[in-house]
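Below is one structure, written out as structure tokens, with a few remarks after it.
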Amino acid sequence: MTTIPAPALEHVFDARILVAVPCEIGETVAGSRRVIAITGGIVSGPGLAGRVMPGGADYQTIAGDGLTQLHARYVIEAEDGARIYVENTGLRFGPPEALERLRRGEPVDPALIYFRSAPRFETAAPRLAWMQTSLFLATGARAPDHVALSVYRVA
Numbered sequence: 681m682t683t684i685p686a687p688a689l690e691h692v693f694d695a696r697i698l699v700a701v702p703c704e705i706g707e708t709v710a711g712s713r714r715v716i717a718i719t720g721g722i723v724s725g726p727g728l729a730g731r732v733m734p735g736g737a738d739y740q741t742i743a744g745d746g747l748t749q750l751h752a753r754y755v756i757e758a759e760d761g762a763r764i765y766v767e768n769t770g771l772r773f774g775p776p777e778a779l780e781r782l783r784r785g786e787p788v789d790p791a792l793i794y795f796r797s798a799p800r801f802e803t804a805a806p807r808l809a810w811m812q813t814s815l816f817l818a819t820g821a822r823a824p825d826h827v828a829l830s831v832y833r834v835a
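Take the sequence shown: its position 32, counting from 1, is numbered 712 in our numbering, and each next residue is one higher.
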């Protein structure tokens, strides 16, 4: 039998996604719900550069133990004007006191928080079609006014 190679990660871009103050929905049967508007941002890296367009949002569900399920939807506009629709689903978890500081909008050392996601991309731009035929993983960090992501293609 042939040995199957382990996947490798190729850095594609870093993003600084600007966010508004969370809109708290409150406790529901699924957990605490909130929606955070995406107001802009920048993208830079070896595979993509451009800006995050305002108008997207991150839809969050927070369980009783603090596990946050994230589902962000937004659009990146590349430097040449090509647009990429992004759906980014992930998890954020950490010690209760660090999660509470995040929830209050206070800075937290990213090393304390597990923040991983799996972004998916759609585009009409032929030069970016490769983004639709690969899997991607991202690591993240939440700051009071933005989310920082490092996005990698699984090779």
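Even for Gly, the Cβ is constructed at its ideal location relative to N, Cα and C.
Note that the structure is predicted; figures quoted are calculated from it, not measured.
query: Please state if the CB of E786 and the CB of P824 are separated by a distance shorter than 8 Å.; result: yes
query: Can you have a look at M811 and say buried or exposed, based on whether 16 or more other CB atoms are within 10 angstroms of its CB?; result: buried
query: Run the CB neighbour count on S692, radius 10 Å, all protein chains shown included, and call it buried at 16 or more, exposed below.; result: Note on residue identity: the sequence assigns Val, not Ser, to residue 692. Counting Cβ neighbours within 10 Å, V692 comes out buried, since at least 16 surround it.
query: State buried or exposed for G721, treating a residue as buried only when at least 16 other CB atoms are found within 10 Å of its CB.; result: buried
query: Count the other C-beta atoms from every protein chain shown that fall within 10 angstroms of the C-beta of T748, then say buried if there are 16 or more, exposed otherwise.; result: buried
query: For S712, which beta-bridge partners are listed by DSSP?; result: E707 and I742
query: By the 10 Å Cβ neighbour count, where 16 or more other Cβ atoms means buried, how is V723 classified, buried or exposed?; result: buried
query: What number of angstroms, rounded off, separates the C-alpha of R731 from the C-alpha of M681?; result: 46 Å
query: What does the Cβ neighbour count give for L829, buried or exposed, with the cut at 16 atoms within 10 Å?; result: buried
query: Using a Cβ-Cβ cutoff of less than 6 Å, which residues in the same chain neighbour G636 once the five nearest sequence positions on both sides are dropped?; result: The structure shown does not extend to residue 636, since the chain is modelled only from 681 through 835, so no value can be given for it.
query: Tell me where the beta strand (DSSP E) around A778 begins and ends.; result: Element bounds for A778: not the beta strand (DSSP E) but the alpha helix (DSSP H), P776 to R783.
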